Every structure is written in C-alpha cells, then in structure tokens.
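Following full-length UniProt numbering, the numbering of the first sequence begins with 1 at its first residue and continues without gaps.
Cβ atoms here follow ideal geometry from the backbone N, Cα and C, with glycine treated the same way.
Note that the structure is a prediction, hence the values are computed from the model and not measured.
Taking it in order: structure first as structure tokens, then the write-up.
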Amino acid sequence: MSERIPQHRYTAELAGQIEAAWQDRWESEGTFHSANPAGPWAEPDDPRLTNGHTMVMDMFPYPSGAGLHVGHPLGFIATDVYARYLRTTGANVLHTMGFDAFGLPAEQYAVQTGQHPRVTTEANMEIYRRQLRRLGMGHERRRSFATIDPDYYRWTQWIFTQIYNSWYDVSAPARLGDGIGRARPISELVAQFESGERAIPDGRAWAGLSPAERAAVLDGYRLAYVSAAPVNWCPGLGTVLSNEEVTADGRSERGNFPVFKRNLSQWMMRITAYADRLVDDLERLDWPEKVKLMQRNWIGRSHGATVTFGPVERVEGGTTGIDVFTTRPDTIFGATFMVVAPEHPVLDEIVPSAWPEGTDPTWTLGEPDPRTAVAAYRTAASRKSDVERQADAKDKTGVFAGAFATNPVTGTKIPVFVGDYVLMGYGTGAIMAVPGQDERDWDFATAYHLPIIRTVQPTPDHPEDKAFTGEGPAINSSIEGLSLDGLGVAEAKERMIEWLEARGAGSRRITYRLRDWLFSRQRYWGEPFPIVWDEDGVAHTVPDDMLPVELPEVPDYSPRTFDPEDAGSSPEAPLARATEWVEVELDLGDGRGLRTYRRETNTMPNWAGSCWYYLRYLDPANDDALVDPAVERYWIGPRPAPVADAPAGATDPGGVDLYVGGVEHAVLHLLYSRFWHKVLFDLGYVSSEEPFRRLINQGMIEAYVYRDDRGFPVPAAEVEEHAGPGGTTYTWNGQAVTQEYGKMGKSLKNVVTPDEMCEQYGADTFRVYEMSMGPLEQYRPWETRAVVGSQRFLQRLWRNVVDEETGEVTVVDVELDAETDKALHRTVDGVRADLEALRTNTAIAKMIELNNHLTKLDAVPRAAVEPLVQMVAPVAPHLAEELWQRLGHTESLAYAPFPEADPAKLVEDVVTCVVQVKGKVRDRLEVPADVDEATLEGLALASPRVQASIDGAPVRKVIVRAPNLVNIVV
RNA sequence: GCCCCCGUAGCCCAACCGGCAGAGGCAGCCCACUUAAAAUGGGUUCAGUGCGGGUUCGAAUCCCGCCGGGGGCACCA
C-alpha cells in the first residue's frame with residue numbers, strides 16, 4: 001500500500017533531512033562564533049563588538065552515562081532560543097557548552113562498567129555532543145571544553161595556587177575602596193612579619209622560626225590550608241565531604257550514605273573570610289529570591305554580643321570566665337542558668353569533686369559526684385551521632401556541672417549545666433539560658449526546676465506556659481544605673497551592648513553558620529593538587545611553568561570504599577598507589593635546587609572545575625592567562641546600571657548576563673563559584689565582583705507513572721486512557737492501572753528521550769513543544785501525545801510557504817490587507833517582548849495565531865510570512881532557515897535583523913468600550929480609540945440598555961477609563 | 001514547628017499597573033477529504049478562577065484566615 005502522504009509535506013522524515021543539512025552548514029560556516037575584543041581570538045573589527053554583548057549560559061552537564069531524558073534539554077533549549085533571538089538584534093552573543101567531567105558520577109559510572117573514567121567520560125561526552133547537535137543548539141563549539149582537559153585544569157590548579165598563596169586582610173581597604181577587607185598575596189604578609197609590622201600571634205619573632213614553624217603560622221592565614229579537624233567522613237563513598245554535601249539528616253547528598261565525624265587532616269578553603277561579602281552582595285544580583293534566601297540561611301549571619309559570665313571557680317584554684325554568644329543581649333536579666341556543650345574544654349577546669357550543698361537531685365543523673373556525672377554525660381553524648389542528637393532534640397537533657405557563674409548584670413549566682421542541645425561548633429559552645437524568651441531554655445528550665453523570669457512583656461493572648469520570643473517592651477530589667485524597662489527589643493539590645501562594653505563584660509559580635517570549605521577528596525577522578533611536600537612536612541606550590549600536574553595512571557583507580565556504616569574506617573587516596581608519581585625530584589625555582597618531594601595525593605572536589613568555567617568560555621585558547629583581562633571586562637565586566645530590584649545606591653557587580661540551571665546547586669556550586677570569583681577579583685584578575693549577574697532556575701519536566709494492581713510500574717507509553725462518566729480511567733494490556741505523577745526514570749518505565757522525539761517529530765517540533773509547555777521556571781508533566789500540536793503548527797507554517805504536492809513556493813507578492821498588516825505588527829511587537837522576557841510559551845501562541853490567520857487567506861503574502869519565518873527562527877531554527885532559503889535568501893537568517901513593529905499600526909482606531917452598571921457589564925460600544933472621557937460618558941449614559949439597567953435610579957458616580965471602560969454607580 | 005512558591009476549562013497553560021475570564025495547544029464532539037482507517041484540514045463544546053471573609057465603583061489579580069500540592073530550613077543561642 002502506498003502512503004498517501006504528499007511528497008513535500010513537513011513530516012518527521014523531511015524535518016530530519018532539513019535539520020541535519022542546516023546543522024552541517026552552521027558548523028562549516030562557524031555561524032555561532034562570537035567576537036572577542038582581545039586575546040588569541042581577537043577580532044577587533046567585528047561590527048558586533050560595538051553593538052551590545054550578552055553572555056548566555058547553562059549549567060554544564062555531567063556526562064554521567066545515565067542517558068538524557070526530555071527534561072534535561074529544557075533549559076538548554078530556552079537559552080538557545082534566547083541567544084538566537086539576541087543575535088537577530090545585532091548583538092555579540094556568547095553561548096557555548098562544556099562538560100563537568102571530573103567527579104563522582106563520572107567515576108562511579110566508570111567503576112560500574114569496569115573501564116577507565118577517561119574512556120567512559122569521553123564516550124559519554126561524544127553522545128552528549130551528538131544529541132545537543134541534533135537538537136539544533138547554536139553553541140559555539142570552538143569555545144567548548146571539558147574540566148578534565150589538561151589545558152583546562154592547568155588553570156584550575158593555577159587558581160588553587162593563587163588562593164593558597166593569599167590571605168584575607170580584614171583591615172585592608174577593599175579593591176574598589178568601597179569597604180574593608182580583601183585578599184592579598186601571602187608574600188605581603190611575610191613581609192609584615194619580617195619587618196615586625198605585624199606580630200606573630202604567639203609573640204615569637206619571625207626570624208627565630210624554623211621553616212616548618214613559619215609554614216604553620218602562615219597556614220593560619222592562607223585562604224587554602226591544611227587543618228586537622230573533625231570532618232565529614234563517608235565510608236560508603238570512600239571520601240570526606242564538605243558540609244554543603246551533607247544533608248540535614250547526616251547523609252551524603254550523593255548516594256545517601258551515612259556520614260561520620262572524624263578527626264582528619266584535610267585541605268580547607270577559607271570561605272568564611274568572605275561570609276559578609278557573600279551575604280551582602282546577594283542583593284546586587286538578579287537571582288530568584290528563593291536561592292538568595294537559601295544562601296543567606298546557609299551563611300547564617302547573626303548579630304549579637306559575646307558576654308563573659310564569671311567568675312567560675314577552678315578546681316585547681318583561681319577563677320575563670322565562660323564566654324557566651326547571644327543574639328538577645330537585651331534578655332540578660334532573665335538569664336537564670338548556663339549551659340555548655342559536652343565538648344566544652346572549660347569542663348576540665350571547673351567540675352568539682354562533690355555536689356554543692358542542697359543540689360537538686362534531678363540535676364545529678366543519680367551519680368554520687370559531679371565528675372562522675374559529667375563524665376558519664378560527656379561519654380554518652382560523644383557516642384551519639386549528629387543524627388541521633390537531632391532525633392532526641394525534643395527531650396532536653398543535661399547535668400549540673402557542680403559549678404556556679406555570676407550573671408554579670410544582676411550579680412545573681414547561676415548554675416552551670418552541661419547539655420547536648422548546645423553545640424560546640426556554633427558561637428562559643430556555651431549559652432546563657434533565658435527560659436522566659438527561648439523555647440529550648442524554657443523546656444530545659446521546666447525539666448530541671450530552674451527559675452524563669454520574663455524580661456519581655458508577652459502579648460495578652462500569649463499562653464502562660466510558654467516562652468515568649470516575640471517583640472515587646474522590656475520588663476524586670478532594671479538595676480542601679482541601667483534600665484531597659486519599656487524599651488523595644490532593638491533599642492534594649494543596643495543599650496545593653498553599650499553597657500557591657502563600657503564595663504568590659506562583653507562586646508558586639510557577629511557569628512556565622514558557614515564553615516570553611518573542605519576541599520580535598522580521596523578519589524581518583526579529580527584535579528591533582530599542585531602541591532608537593534618536602535622532608536620537613538612543609539607544603540610548596542608547584543611553579544606555574546610546571547602546571548598542569550597531570551593525573552597519573554594508576555593500577556586501580558577505584559576508590560577504597562568501606563561498609564557504609566563503618567565509622568572507624570579511614571580514607572585512602574587512590575593516587576597514593578602511584579608511587580612513582582608521588583615521589584618526585586623537582587627544582588621549584590626557590591633557590592633550594594633539585595630536591596625530593598612527595599606529591600599531595602588528595603584530589604580536588606568536582607566543584608573546583610565548575611567554579612570558574614564561565615571565565616574560560618571567554619578566552620579558551622589563551623595560554624598566557626586564564627582569561628585576557630580585556631576580554632573579561634568586555635563580556636562580564638560591570639554594567640552601568642544595577643540589576644532590576646537592586647536597592648538604591650547599589651552598583652552592578654558584573655557577571656554572566658543569564659545563567660540557567662537547576663535549583664539543586666543553590667548553596668553548592670553557586671556559593672563556591674562566588675567565593676572563587678571574589679578571590680580572583682581581590683587579586684586583580686577579573687573586573688567583575690560576581691560570576692553570575694542573573695540566574696533563572698528552570699523547572700523540571702515530570703511524568704505520569706502507571707502501576708498495575710501489584711504496584712509495579714507498567715510502560716507509560718502503552719497505557720490507554722478512557723474517559724468515563726465516573727472520571728478518566730487507564731488500562732494497560734486491558735488491565736486497569738493507576739496513575740500518579742512524579743519524576744521520569746528508568747525504573748518507573750516512563751522515560752521519553754529527546755532522540756525518540758527527534759525521530760518521531762523532528763528537533764524543531766520538539767523544541768517548540770518544550771517551549772510552549774509553560775514558563776521556564778515551572779514544573780510540568782510531559783505528555784507525548786500533545787507534541788502533535790506543535791508539529792501541526794510547523795506543518796501549517798510550511799504549507800503557507802511551500803506546496804505540499806509540488807514543493808513549489810506559493811507565496812505571492814501583494815500588498816497586505818489592513819487586517820493582516822495589523823495582525824502582523826501586533827504579533828511582531830508581542831513576540832519581541834515575549835522573547836526578550838523569556839516568555840517563549842506566549843511568544844509561540846502569538847505566532848500560531850498569526851499563522852492560523854495566514855492559513856485562512858486565499859494566498860499567503862510574502863510580506864507577512866517572511867517576518868513570521870524570522871520570528872519562528874529562534875524556536876524552530878532549521879525549519880526557518882529552510883523556508884528562508886526557499887523564499888530566495890542566500891544568507892543564513894541567524895543574523896537577519898528581527899522584524900520591527902510599526903508603532904502606528906499597533907494602535908486601534910476603533911475599540912470596544914465596556915459599559916458597566918455597578919460593576920456588571922451591560923453594554924458594549926464601538927468608539928474611536930482617542931475618544932475623550934466626557935464624550936464617552938455621554939455615549940454610555942445614552943445607551944438604551946444602560947438606561948434600562950439603571951431603571952431611573954439616580955446616578956451617584958461615573959468612572960470613566962477611556963477608551964476601554966465606563967462604570968456607572970447608582 | 002518556621003519560611004518561600006503554586007492552585008484558572010477533562011489536561012498543559014494565557015489574562016500587562018485591579019477594568020469584557022481565554023491567546024495557544026492537547027483531549028472530546030461535528031464536518032470535509034478517503035472504499036475505509038490513519039494523517040491532514042475546517043468548525044465546535046467546556047470553567048467564573050481551591051474555600052471563606054475583607055478592601056474597592058470594580059478582584060483571578062490587593063489584604064486576612066483556612067484547605068490542597070511542591071520546596072527550603074530546623075536545637076544556630
């Protein structure tokens with residue numbers, strides 16, 4: 001049987017041919033090459049350079065081997081549409097895509113398949129490249145790279161050496177003079193130590209220190225340093241992890257393995273030095289509020305005071321003080337006891353050998369003396385994991401330490417407790433407990449019969465048996481020479497801090513939740529550190545001219561992993577097995593000549609490569625610098641105007657113009673990257689203060705899952721839908737199945753791939769469908785059977801230009817009738833605004849509308865369909881190029897100027913005016929668009945239908961919004 | 001427990017600064033083409049905006065309180 005499909009119909013097959021042909025042509029012509037003002041690719045004469053510039057970027061993918069589904073390219077298509085649109089405005093547009101190819105996912109896939117990570121990673125990247133090409137991405141291929149390329153990670157290592165060889169000078173003026181604090185080369189700190197301008201913390205003389213001692217001093221300042229501290233050890237992954245990679249319930253973000261605290265010597269990055277700038281600069285960014293909030297919460301800056309509670313008697317004689325941090329210094333009058341963390345060192349000094357006279361029996365754990373009780377409590381606490389401690393959060397437990405401190409304001413003696421609801425890692429590890437204004441302290445006070453004093457007047461409806469944490473006037477807060485009574489919280493805080501500072505009992509203090517970034521991993525597949533260790537145990541950076549330090553071949557690249565529950569295991573770096581690589585003779589050029597060193601065997605986390613890749617996109621062929629300064633300034637330097645919604649007085653921080661990616665990187669990649677960028681800024685390598693000026697989180701495409709009566713998923717593509725009186729039902733192979741909504745995944749049997757869609761409909765149809773499903777940020781369900789609507793649109797557009805039977809172009813060169821002309825200009829105007837604002841879904845709706853209008857004409861005028869082809873080009877670029885060519889153009893339309901709307905044709909001369917009586921529509925009038933209010937009011941009141949509605953009632957008021965509306969109030 | 005986002009037709013989504021609830025698509029129904037079906041084309045039905053209050057001449061839109069869905073944080077002193 002012969003198919004009765006017209007020979008020249010725009011079918012998936014024809015689309016496939018057209019698409020492949022145009023992809024070849026774009027590639028051979030370098031259509032998407034953008035122009036650089038300087039550096040190896042300088043093209044200073046390119047006219048686009050002076051015509052505006054935009055950098056559009058996607059979060060680059062991991063070539064993990066799991067395979068793409070239709071959700072993955074959503075953001076890529078959106079940025080491609082935007083970039084293609086911008087090119088038609090004459091702008092110089094940079095849009096490319098590389099690969100985040102180091103790291104766990106790539107390594108795990110390699111381990112699973114028993115191959116070297118480089119082999120599988122490169123194979124997967126090839127698949128990705130082919131798929132991206134097939135989707136018609138206008139990426140600039142020559143700017144693409146992978147983080148595993150030695151030419152790339154050479155610079156990742158170089159940045160590490162810069163960070164390592166820097167320190168944060170909190171008192172130096174900011175680089176732009178607009179604040180205090182910046183990173184400086186470590187050599188300047190050494191000079192200060194040598195000259196004596198700055199004292200060494202423990203008071204020794206620099207000249208008298210050994211190399212190892214000097215190194216130890218400098219490690220206290222370097223922005224990258226080795227520290228022995230409790231870290232997150234994940235036996236299941238065989239590596240340590242940063243705080244950001246551990247979930248709230250104490251498991252690894254990747255793989256969901258248990259994580260344990262182990263004391264280990266690891267590389268850290270001093271991100272905490274930038275905490276303030278990382279918080280403050282958020283308001284200069286055009287980012288989703290949600291992401292800003294997540295970063296603010298993660299950094300967790302809180303303002304308060306440290307207050308010393310003392311004297312506490314020491315067992316060995318004399319007294320000591322206990323410092324607490326509080327955000328509520330205004331409530332000190334209500335501090336009736338203290339609690340220190342079980343790990344607090346002061347406990348070693350103050351716990352006496354006998355319970356004080358009259359100790360409440362509930363305070364003692366039933367132990368005969370405080371030492372036994374505190375020791376037992378500390379042991380029990382140390383056995384609890386963070387997870388268990390959190391799980392027990394409801395019950396406040398603790399034990400009396402047997403000692404008393406003095407409330408520095410009231411002079412009252414107050415008991416000191418040990419309690420695990422106080423964390424050693426936050427503030428000072430000790431708190432003043434104010435049960436009246438703190439729920440946790442209230443719980444503790446109730447459990448241990450401790451006094452409660454309210455120092456803020458609760459609201460009248462506040463329950464008697466609860467802490468009051470709200471705002472109100474201070475009460476019970478007076479002593480001789482100080483009264484907070486009647487003051488609001490903010491004012492009371494200020495007054496209190498001033499009082500404390502005047503007496504030396506406390507001082508203003510800011511604390512942060514953010515901790516330094518644990519930067520080393522015990523994995524093979526990552527960047528080696530550009531660090532060698534000498535025989536004294538002193539670290540040295542590898543000189544720039546010896547970079548990159550290439551990743552060696554090892555007999556076994558898989559990490560040593562352990563039983564996920566084996567908390568006692570220790571990490572082993574796979575690189576340590578490359579003994580010939582580890583032992584190395586080098587002349588570091590420091591005057592010490594050829595010496596033997598041991599290479600650092602940890603590798604960097606995969607965040608390292610993604611921390612700065614946007615900078616390399618700018619100038620990927622540059623061998624002399626990570627990016628030419630002029631190129632950086634041109635593409636992502638600060639713009640004259642601040643971003644939308646920035647507070648008054650804010651300046652633009654620079655950065656990538658548009659960055660699109662998933663929200664899952666809110667506090668990982670996006671925080672690390674901002675940190676590195678600010679270091680590079682301080683050191684003068686970049687002119688921008690932020691990496692990403694504008695961020696959009698694309699939504700996910702989800703899918704329906706169908707399950708049979710056993711609960712097993714059945715292939716979603718084979719499910720039939722039945723509309724019935726009792727609602728819609730679903731069957732698979734004749735048996736009833738249930739529908740639920742969720743993620744797309746192999747095990748759920750609902751995966752749809754871009755390749756399938758290209759096969760069945762063509763890439764352009766797929767692009768149009770994904771873009772018309774809804775706003776970019778929105779989560780939405782995939783529905784394959786709806787894709788045909790997008791295909792029909794493109795087929796109708798095709799048919800408006802080409803005869804399906806003969807393949808001939810059928811457009812006519814006639815003048816547009818008034819209606820078509822108006823529709824065209826309205827569409828151009830709307831589509832331009834929509835594409836500009838990334839509202840591609842509504843842009844497509846407007847194009848469909850115009851196309852449907854053209855379909856109804858006897859013959860399609862060229863003057864109408866050519867602009868439509870241009871407008872559709874960003875979304876369906878292959879089809880548009882093909883039609884453009886068939887319409888007689890020889891050049892690609894990638895740079896053809898976007899159609900302009902004539903403002904004169906956008907105004908209607910006659911509009912429909914709605915006449916309401918008491919807000920209800922009673923009549924419609926056709927009136928001139930420029931009708932004046934008085935005339936319109938007269939016309940409305942004269943309407944018989946309006947008069948009938950008014951029914952003789954007196955008119956109280958008439959609201960006129962010429963020319964659209966009149967509302968008569970009776 | 002606290003914070004953020006979202007609820008419009010059977011489904012996905014529009015609706016600009018508060019001003020006629022509907023741009024577009026899917027599905028359904030009718031018609032044309034076809035021996036027939038598919039494909040294609042043309043036409044058409046469908047909601048008063050999750051619920052309850054309030055502000056306003058006028059509310060999908062602003063405010064308050066619920067309900068439902070999604071997400072973030074959670075002894076942070």
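Residue i, DSSP secondary structure in three states
| i | result |
| --- | --- |
| Asn967 | strand |
| Thr272 | helix |
| Thr73 | The residue you asked about is not Thr; residue 73 is Pro in the sequence shown. Pro73: coil per DSSP, three-state reduction. |
| Pro105 | helix |
| Asp858 | coil |
| Leu547 | coil |
| Ile5 | coil |
| Ala403 | strand |
| Met424 | coil |
| Lys290 | helix |
| Thr820 | helix |
| Ile844 | helix |
| His462 | coil |
| Ala894 | helix |
| His889 | coil |
Residue j beta carbon less than 8 Å from that of residue i
| i | j | result |
| --- | --- | --- |
| Ala224 | Gly506 | no |
| Leu68 | Asn606 | no |
| Leu626 | Arg616 | yes |
| residue 977 | Val307 | Nothing about residue 977 can be read from this structure; the chain reaches only from 1 to 970. |
| Asn92 | His53 | yes |
| Phe444 | Gly398 | yes |
| Gly138 | Glu19 | no |
| Val456 | Gln437 | yes |
| Val312 | Val374 | no |
| Thr336 | Leu482 | no |
| Ala78 | Gln698 | yes |
heavy atom of the ligand COA below 7 Å from residue i C-beta
| i | result |
| --- | --- |
| Ile452 | With respect to the ligand COA, the structure offers nothing, as it holds no ligand at all. |
Continuous alpha helix (DSSP H) stretch holding residue i: start and end
| i | result |
| --- | --- |
| Phe468 | Segment: none, Phe468 is in no alpha helix (DSSP H) and carries neither H nor E. |
| residue 972 | With the chain represented from 1 up to 970, any question about residue 972 goes unanswered, as that position is not in the structure. |
| Gln23 | 12-29 |
| His878 | 877-886 |
| Pro370 | 370-383 |
| Phe766 | 763-772 |
Status (buried if at least 16 other CB within 10 Å, exposed otherwise) for residue i
| i | result |
| --- | --- |
| Asn124 | buried |
| Glu849 | exposed |
| His878 | buried |
| Ile968 | buried |
| Thr239 | buried |
| Ser2 | Bear in mind that a pLDDT of 40 at Ser2, under 50, signals an unreliable position, so the model cannot answer this. |
| Asp923 | buried |
| Ile180 | exposed |
| Pro874 | buried |
| Asn750 | buried |
| Glu140 | buried |
Where the beta strand (DSSP E) containing residue i begins and where it ends
| i | result |
| --- | --- |
| Gly506 | 506-511 |
| Asn800 | That residue, Asn800, is in no beta strand (DSSP E); its alpha helix (DSSP H) goes 787-801. |
Item to check | Ordered list of beta strand (DSSP E) runs contained in the stretch 202-266, each at least 3 residues | outcome: 224-234, 239-241
Item to check | Minimum length 3: unbroken beta strand (DSSP E) runs contained in the stretch 897-947 | outcome: 910-917, 920-928
Item to check | Completely contained beta strand (DSSP E) runs for the stretch 624-691, where each covers 3 or more residues | outcome: 658-661
Item to check | Runs of alpha helix (DSSP H) lying entirely within the stretch 541-592, each at least 4 residues, in chain order | outcome: 579-582
Next on the checklist: For a minimum of 4 consecutive residues, which ranges assigned as the alpha helix (DSSP H) are wholly contained in the UniProt domain "Methionyl/Leucyl tRNA synthetase" (59-164)?
Outcome noted: 74-87, 104-113, 117-134, 150-164
Checklist entry - Residue ranges of each alpha helix (DSSP H) run of no fewer than 4 residues wholly in the stretch 162-201, ordered along the chain? => result 186-195
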